[in-house]
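Asks: Protein sequence lines correspond, in order, to chains A and B. With positions in the first sequence counted from 1, the corresponding number in this note's numbering is that position plus 13. With positions in the second sequence counted from 1, the corresponding number in this note's numbering is that position plus 1110. Below are the structure tokens for one structure; questions will follow.
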Amino acid sequence: MNANNSAPVCRAADGALSVRDVTKIYDPEGVHVVALEHCSLEIAAGEFVAVVGPSGCGKSTLLNIMAGFDYVTHGEILLDGAPLATPDTRPRPGSDRVVVFQQGALFPWKTVLENVTYGPVVQKQLDQSAAETKAREMLARVGLSNIEKSYPGQLSSGMQRRVEIIRALINDPKVLLLDEPFRAMDTVTKSASHEYLLELYNATGKTIFFITHDLEEAIFLADKVAVMTTRPGHIKLAISVDLPRPRNYRMLASQEFLRLKSQLVEAVHEEAVKAFQAGEREMA
Amino acid sequence: MAVMRKASLATRINQKLASKSFWRGVTAVIGFFGLWQVSSMGALPFMSAIPTPVEVAQAFWKLLFEPKYWAGWRDSGQRVFFGFAAAQILGIPLGLGTGWKRNFNHLTFPVFELLRPIPPLAWVPVSILFWPTNELSIAFITFIGAFFTIVVNVLGGVGSIKKELVYSAISFGASPSQVFWRVVLPATIPSIATGMMVGIGITWNVVIAAEMIAGNTGLGRLTWEAYLAGYTPGIIVGMISIGLAGYVSSGLVKWVSELLMPWKRIF
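Structure, rendered in structure tokens:
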């Protein structure tokens, strides 16, 4: 796989997310945990946005709300101008916003091919054989044809995550929501996975919302890196990454990359210290 | 797809014969029977009531030609089969429902937890009073033995389903009933298999005890009658037969559960 030879970037027409003054309170009557407070973020159609921040700051909460797994308490999220999450509407998951989870969520009892065809078949978009044809085509394009009959348990974590991204993309979502998908990987697998994801991003132009702890990963992948504050979380600052696409690993040593990194380190470190101190207080 | 390559029978036998662990096993088994023979022949005074392996083997051989012995296998087997099957048929749906549906849980779980600690054998008297025939009461007690085990296992299995699996099914557009049938159920199969493995062992425990108390036939009854008649080789033959019966049933259950889980069979 070589990111340098990717197809020219084509931007998708839709998939713009607008997070407007979102507050999320868990258990408002009882424990009253404020996970998000006045959180706002604009994501353009086809933009790759990475969110970084200390553990427990509410990054995953925001992603779960976007995915339709949870309510917002105040504020709203719009997808292409239409309300996606408001305090009054029931959360509505949908195949236009597919999630790839940190721990992986391939169905262990289904083969790779059955996993990939799950979405289109369950939505009755395609019948089984049409879905299989499309799935084979997509797996072939990324060099995964040889594993279509394998069960997820037989694959490495890198391979599993690649299949999972294909399983998401076959639904032709407007937005891909990635919750630290490469977290548990070793450095080598991780950097190969980065190139793989960028290649798919360049080819499809999907909007991507990517949560991570890893600042280098965030800069290397994203158009925009948003820093979230410690709980209650909101977006503290968003930095545009002006590195040209297609990206390649040599950029990791470029002046621009290092400048962005030091800027992010400052911002994240401040929050990490706050989170750490808050943790100490909770312990006392 | 990775398929385990099966060596030919001859190669496998040769490998067995060449391995030290195999010969250690053989030595252990021969040693066990040797020690038993010597000690019950008088080397150890407290073993004098126990028949020697040779006497047991002779008794076994004689029993093989008695229809009563095979009737015992049939009757015990039937009781285990019906009790076990009924426990699965009622227990698996109950476990799934209790684990997945909050309201159903609130309705059933308290009563379930009230009844669960009562040991199967404590059900014997009430079961004899309640059921019209002895046969039904023994099958019922057997059912009790497997029922609580399977329900607890299924309940635990449903509780430990990764929520990401459910979330992704929902986000791909699965309806609540599709989530139940296509995610919750398959994700619970490994726990169902564990419940069945533990349950089949318990049913044999229970059926033997129930036969000794309430039965007229079966392997448990044969063993007990041999004791009442003071025919000690018969007792040991009964014990060995019960062990064999349990071993065969566990093998069957294992075979069925592997059929249900092709994704686990490959390893």
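Think of the CB as a built atom: it goes at the ideal place given N, C-alpha and C, for glycine as much as any other residue.
1) Would a check of beta-carbon distances place ASN184/A closer than 8 Å to chain B?
2) Indicate whether at least one CB of chain A lies closer than 8 Å to the CB of PRO1296/B.
3) State buried or exposed for GLN141/A, treating a residue as buried only when at least 16 other CB atoms are found within 10 Å of its CB.
4) Mind pulling the alpha helix (DSSP H) runs of 4 or more residues that sit fully within the segment 104-186 of chain A?
5) GLN116/A touches chain B at which residues, Cβ-Cβ below 8 Å?
6) Between which two residues does the beta strand (DSSP E) harbouring ALA239/A extend?
7) Quick one: Cα of GLN1198/B to Cα of THR1313/B, how far?
8) Out of THR36/A, ASN215/A, VAL134/A, which has the shortest C-alpha to C-alpha gap to GLU89/A?
9) Taking Cβ-Cβ distances shorter than 8 Å, what residues in chain B pair up with ALA80/A?
10) Look up ARG33/A in the DSSP assignment and give the residues it is bridged to.
11) May I ask which residues mark the beginning and end of the alpha helix (DSSP H) holding THR1084/B?
12) For TRP1334/B, go through chain A and note every residue whose CB falls closer than 7 Å to its CB, in chain order.
13) One question on the structure: do THR1333/B and MET1349/B come within less than 8 Å of each other, judged by their Cβ atoms?
14) Taking only runs that begin and end inside the segment 1117-1179 of chain B, name each unbroken alpha helix (DSSP H) of 4 or more residues, in chain order.
15) Since VAL32/A and ILE38/A should fall inside the 8 Å C-beta cutoff, what is the C-beta to C-beta distance between them, to a whole number of angstroms?
16) Quick check on DSSP: helix, strand or coil for SER68/A?
17) Check distances from the C-beta atoms of the segment 1306-1340 of chain B to those of chain E and list, in chain order, the residues that come in under 7 Å.
18) How many Å lie between ILE1238/B and ALA1324/B at the Cα?
19) Give a single yes or no on whether LEU1173/B has its beta carbon closer than 7 Å to a heavy atom of the ligand ATP.
20) List in chain order: all unbroken alpha helix (DSSP H) runs of 4+ residues lying wholly within the segment 1194-1234 of chain B.
21) Would you report the Cα separation of TYR209/A and LEU1119/B, rounded to the nearest angstrom?
22) Mind listing the chain B neighbours of TYR131/A? Cutoff is C-beta to C-beta under 7 Å, in chain order.
23) Note down, in chain order, every chain B residue with its Cβ under 9 Å from the Cβ of VAL112/A.
24) Taking three-plus beta-carbon pairs below 8 Å as touching, is the segment 1224-1241 of chain B in contact with the segment 1253-1264 of chain B?
25) Quick one, which of ARG1292/B, ARG1331/B, ALA1232/B, ARG1375/B has its alpha-carbon nearest LEU1206/B's?
26) Measure from the alpha carbon of SER267/A to the alpha carbon of each residue in PHE289/A, PRO245/A, ILE232/A, then state which is nearest.
27) DSSP three-state call for LYS1374/B: helix, strand or coil?
28) Which of helix, strand or coil does DSSP assign to ILE252/A?
29) For PRO106/A, return the contacting residues in chain B, with the cut-off set at a CB-CB distance below 7 Å.
30) Taking DSSP's pairing of strands, which residues face GLY246/A in a bridge?
31) Using DSSP bridges, identify the partner residues of VAL1358/B.
32) Could you check the C-alpha separation between ILE221/A and LEU189/A for me, to the nearest Å?
33) Suppose the cutoff is 7 Å on Cβ atoms and the five residues either side in sequence are ignored; what does the same chain contact list for ALA144/A look like?
34) Using the beta-carbon of each residue, which ones in chain A are nearer than 7 Å to TRP1373/B?
35) Under 8 Å, Cβ to Cβ, is there at least one residue of chain B near VAL278/A?
36) Hey, could you find the ends of the alpha helix (DSSP H) PRO1286/B is sitting in?
Replies: Judging by the given coordinates:
1) yes
2) yes
3) exposed
4) 125-135, 141-154, 170-182
5) LYS1272, GLU1274
6) 237-241
7) Straight-line measurement puts the Cα of THR1313/B at about 12 Å from the Cα of GLN1198/B.
8) In terms of CA proximity to GLU89/A, THR36/A leads the group THR36/A, ASN215/A, VAL134/A.
9) From the beta-carbon of ALA80/A, the residues of chain B found nearer than 8 Å are TYR1277, SER1281.
10) In the DSSP assignment, ARG33/A forms a beta bridge with GLU89/A.
11) Residue 1084/B lies beyond the residue range present for chain B, which begins at 1111 and ends at 1377; the question has no answer from this structure.
12) Contact annotation for TRP1334/B against chain A: no contact, minimum CB-CB distance about 45 Å [criterion: below 7 Å].
13) Yes. Within cutoff.
14) Whole alpha helix (DSSP H) segments, 4+ residues: 1119-1128, 1130-1148, 1163-1173.
15) With a Cβ gap of about 16 Å, VAL32/A and ILE38/A do not count as contacting.
16) coil
17) The structure shown contains no chain E; its protein chains are A and B.
18) 8 Å
19) The ligand ATP is not part of this structure, which contains no ligands at all.
20) 1212-1225
21) 46 Å
22) Within 7 Å Cβ-Cβ: PHE1282.
23) GLU1274, TYR1277, SER1278, SER1281
24) yes
25) ARG1292/B
26) ILE232/A
27) helix
28) The three-state reading of DSSP puts ILE252/A in strand, counting E and B together.
29) ILE1280, SER1281
30) LEU49/A
31) Note: VAL1358/B sits in no beta bridge, so no partner.
32) Spanning the two alpha carbons is a distance of roughly 5 Å.
33) Cβ neighbours of ALA144/A beyond the five flanking positions: THR130, PRO133, VAL134.
34) Residues of chain A with a Cβ closer than 7 Å to the Cβ of TRP1373/B are, in chain order, PRO121, TRP122, TYR164, GLY166.
35) Answer no: the Cβ-Cβ gap between VAL278/A and chain B never drops below 8 Å.
36) 1286-1289
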